[in-house]
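Asks: My structure is below; once you've seen it, I'll send some questions.
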Amino acid sequence: MSIAKNAPKDCCGCNACAEICPRHCITMKRDKYGFLYPSVDASLCTECGACERVCPFISPSDNLSEPLGAYAACASDPRIYRTSSSGGAAYEIARQIIEQGGAVYGCAASGLEIKHIRVNDLAQLPLLQGSKYVQSTIQGCCRSIRSDLAAGLLVAFFGTPCQVAAVKKFIPKPSRTNLLLVDIICHGTPSPQMLEADVRSVAHGQPVDKISFRQGNSFILTLSSRGREIFSSDVFAQPFRDPYYRAFFDGISYRPSCYNCAYARPERVSDITVGDFWGLQSAKKFSETHRDGISLIMPVTPKGQQIVAHLSQSMHLAQAPVKEAVNGNTQLRHPMPFTRRGQLFRALYPALPFGLAVNLVYLDKRVRRALSPLKKILNGQHR
Numbered sequence: 484m485s486i487a488k489n490a491p492k493d494c495c496g497c498n499a500c501a502e503i504c505p506r507h508c509i510t511m512k513r514d515k516y517g518f519l520y521p522s523v524d525a526s527l528c529t530e531c532g533a534c535e536r537v538c539p540f541i542s543p544s545d546n547l548s549e550p551l552g553a554y555a556a557c558a559s560d561p562r563i564y565r566t567s568s569s570g571g572a573a574y575e576i577a578r579q580i581i582e583q584g585g586a587v588y589g590c591a592a593s594g595l596e597i598k599h600i601r602v603n604d605l606a607q608l609p610l611l612q613g614s615k616y617v618q619s620t621i622q623g624c625c626r627s628i629r630s631d632l633a634a635g636l637l638v639a640f641f642g643t644p645c646q647v648a649a650v651k652k653f654i655p656k657p658s659r660t661n662l663l664l665v666d667i668i669c670h671g672t673p674s675p676q677m678l679e680a681d682v683r684s685v686a687h688g689q690p691v692d693k694i695s696f697r698q699g700n701s702f703i704l705t706l707s708s709r710g711r712e713i714f715s716s717d718v719f720a721q722p723f724r725d726p727y728y729r730a731f732f733d734g735i736s737y738r739p740s741c742y743n744c745a746y747a748r749p750e751r752v753s754d755i756t757v758g759d760f761w762g763l764q765s766a767k768k769f770s771e772t773h774r775d776g777i778s779l780i781m782p783v784t785p786k787g788q789q790i791v792a793h794l795s796q797s798m799h800l801a802q803a804p805v806k807e808a809v810n811g812n813t814q815l816r817h818p819m820p821f822t823r824r825g826q827l828f829r830a831l832y833p834a835l836p837f838g839l840a841v842n843l844v845y846l847d848k849r850v851r852r853a854l855s856p857l858k859k860i861l862n863g864q865h866r
């Protein structure tokens with residue numbers, strides 16, 4: 484049976500099936516929501532099963548292990564700390580690999596093009612910094628990683644848990660000795676098509692050459708054109724100004740597999756898990772002195788533990804209970820639920836423009852927010 488027969492909720496769009504196919508009969512195509520799914524040329528397919536063997540949504544549990552520990556972390560270098568989304572853990576792990584002559588694969592943004600790239604020079608590492616709240620394509624990465632490993636290189640791959648699982652299944656276990664897998668805690672991913680539609684609308688046709696999803700602990704979407712900021716929206720201060728950010732934070736615009744994610748759980752698929760350390764209580768002094776964000780680092784394997792041990796040379800580290808890390812981050816316990824608002828959004832989009840569809844989903848909240856000042860005035864008059 485070919486991979487194309489899988490239901491949408493059982494496909495994360497990782498592209499591993501297309502890369503492993505010996506007949507090159509699988510291509511990834513966008514559905515109406517903009518999510519990539521495999522399309523199989525039946526005239527070429529021999530039903531060899533290679534595509535199913537690398538699918539991270541088929542038998543995922545055999546890839547998971549419990550974390551060996553948890554750390555709150557912040558880069559010692561103020562420049563790295565300021566330019567990273569939280570504490571700079573991913574940057575410092577990647578730097579270790581490059582300084583040992585290795586190659587790093589991670590998500591980069593070039594304008595609105597969000598994709599994984601390969602870097603092997605410290606000067607290129609800033610390209611991978613910063614959060615990207617949209618699905619990245621890892622097309623070509625699996626084969627490139629395989630080639631790097633065959634050449635004896637040390638390789639690190641950073642991605643969402645499902646992307647990490649895909650790479651892990653693609654590379655045979657005997658070949659993984661020099662491969663470090665780092666998963667980024669993931670809430671879920673909207674499609675690039677949704678982001679493109681939103682940017683076209685809020686930028687009013689102006690060309691966008693840079694997008695930033697976050698500034699330290701502040702969740703601010705910023706669009707720039709030719710070095711000039713043309714749009715900025717804080718999702719908490721201005722909850723309905725940008726439809727894309729509102730939909731992302733409430734989890735109504737994710738890929739179907741995100742609501743069915745086998746990797747949103749305490750057991751992890753990687754060598755190291757990194758993300759934000761929400762709810763840090765055991766090291767209050769640490770959180771008080773690092774107010775612009777704190778990384779969570781969880782070594783999962785002895786290989787990951789060895790890498791984390793070396794981070795003490797470039798990061799401030801504070802050990803914390805694994806349970807505390809899990810309790811503070813929903814996606815370390817279970818996937819985002821598919822709510823009624825999410826169902827309504829999928830019924831409206833793409834028949835309606837993206838922004839209009841999102842605004843209609845939140846019409847009740849928008850009305851209540853608009854009437855709130857009037858309600859306060861009326862309540863004051865009746866006192």
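Residue numbers for the sequence shown follow our numbering, so the first one is 484 and each next one is one higher. Using N, Cα and C, we set each Cβ at its ideal position, and we do this for glycine too.
(1) Let's see if you can read the secondary structure: which residues bound the alpha helix (DSSP H) around L839?
(2) Using a Cβ distance threshold of 8 Å, determine whether the segment 785 to 801 contacts the segment 551 to 564, with at least three qualifying pairs required.
(3) Can you give the beta carbon distance from R824 to D681, rounded, assuming they're within the 8 Å contact cut?
(4) Going by DSSP, what residue range makes up the alpha helix (DSSP H) through K767?
(5) Check this for me: beta carbons of K693 and S707, under 7 Å apart or not?
(6) I'd like the list of long-range same chain contacts for I713, defined as Cβ closer than 7 Å, with 5 residues on each side in sequence excluded.
(7) Return the CA-CA distance between L843 and Q721, expressed in angstroms with no decimal places.
(8) Could you tell me which whole alpha helix (DSSP H) segments of length 4 or greater appear in the segment 516 to 591?
(9) Taking the alpha-carbon positions, what's the V617 to M819 distance?
(10) By a C-beta neighbour count over all protein chains shown, 10 Å radius and 16 as the cutoff for buried, is D847 buried or exposed?
(11) Determine the extent of the alpha helix (DSSP H) in which H817 is found, giving its start and end residues.
(12) When the Cα atoms are used, what is the spatial distance from L610 to I860?
(13) On a CA-only basis, which of A533, C494, N661 is nearest R513? Give me that one, please.
(14) Given 8 Å as the limit, is there contact between the segment 527 to 541 and the segment 774 to 783, that is, 3 or more CB pairs closer than that?
(15) Which residues share a DSSP beta bridge with A639?
(16) Just to confirm before moving on: does the CB-CB distance between V647 and L662 stay below 7 Å?
(17) Taking 7 Å as the threshold (C-beta atoms), are V791 and A553 in contact?
(18) Going by the CB atoms, is the gap between A487 and P521 shorter than 7 Å?
(19) By the DSSP assignment, the alpha helix (DSSP H) with P644 in it spans what residues?
(20) Can you tell me whether Q698 is helix, strand or coil according to DSSP?
(21) Less than 7 Å between the C-beta atoms of A840 and F828, yes or no?
(22) By a C-beta neighbour count over all protein chains shown, 10 Å radius and 16 as the cutoff for buried, is P657 buried or exposed?
Replies: Let's see:
(1) For this step, residue 839 is matched to residue 356 along the sequence shown. Note, L839: alpha helix (DSSP H), 837 to 844.
(2) yes
(3) Reading the sequence shown from its first residue, position 341 is the one you call residue 824. Reading the sequence shown from its first residue, position 198 is the one you call residue 681. Between D681 and R824 the Cβ distance is about 17 Å, and since that is not below 8 Å, they are no contact.
(4) As a working mapping, residue 767 is identified with position 284 in the sequence shown. Where K767 is concerned, the enclosing alpha helix (DSSP H) stretches over 767 to 772.
(5) Stepping through the sequence shown from its first residue, residue 693 is reached at position 210. Stepping through the sequence shown from its first residue, residue 707 is reached at position 224. Contact flag set, yes.
(6) Here residue 713 corresponds to residue number 230 of the sequence shown, with the count starting at 1. Same-chain partners within the cutoff: A686, Q689, L706, S707.
(7) Indexing the sequence shown from 1 puts residue 843 at position 360. Indexing the sequence shown from 1 puts residue 721 at position 238. C-alpha separation (whole angstroms): 17 Å.
(8) 533 to 536, 561 to 566, 572 to 582
(9) For this step, residue 617 is matched to residue 134 along the sequence shown. For this step, residue 819 is matched to residue 336 along the sequence shown. Roughly 15 Å between the two C-alpha positions.
(10) Locating residue 847 in the sequence shown gives position 364, where the first residue counts as 1. Its Cβ having fewer than 16 others within 10 Å, D847 is exposed.
(11) Taking the first residue of the sequence shown as 1, we reach residue 817 at position 334. Run containing H817: none; DSSP gives neither H nor E here.
(12) Your numbering for residue 610 matches position 127 in the sequence shown. Your numbering for residue 860 matches position 377 in the sequence shown. Going by the C-alpha atoms only, they are around 50 Å apart.
(13) Working through the sequence shown from its first residue, we reach residue 513 at position 30. It is C494 whose Cα lies nearest to the Cα of R513.
(14) no
(15) The residue you call residue 639 lines up with position 156 of the sequence shown. DSSP output for A639 lists V587, L663 as bridge partner(s).
(16) Numbered from 1 along the sequence shown, position 164 holds the residue referred to as residue 647. Numbered from 1 along the sequence shown, position 179 holds the residue referred to as residue 662. In this structure, L662 does not lie closer than 7 Å to V647 by Cβ.
(17) Taking the sequence shown and counting its residues from 1, one reaches residue 553 at position 70. Taking the sequence shown and counting its residues from 1, one reaches residue 791 at position 308. The answer is no: Cβ separation not under 7 Å.
(18) Taking the first residue of the sequence shown as 1, we reach residue 521 at position 38. Taking the first residue of the sequence shown as 1, we reach residue 487 at position 4. It is a contact, given that the beta carbons lie within the stated cut-off.
(19) Reading the sequence shown from its first residue, position 161 is the one you call residue 644. Run containing P644: 644 to 653, per the alpha helix (DSSP H) assignment.
(20) Translated into the one-based positions of the sequence shown, residue 698 becomes position 215. Three-state DSSP puts Q698 in a strand.
(21) In the sequence shown, counting from the first residue as 1, residue 840 sits at position 357. In the sequence shown, counting from the first residue as 1, residue 828 sits at position 345. For A840 and F828, yes; Cβs fall inside 7 Å.
(22) Translated into the one-based positions of the sequence shown, residue 657 becomes position 174. Per the 10 Å Cβ criterion, exposed.
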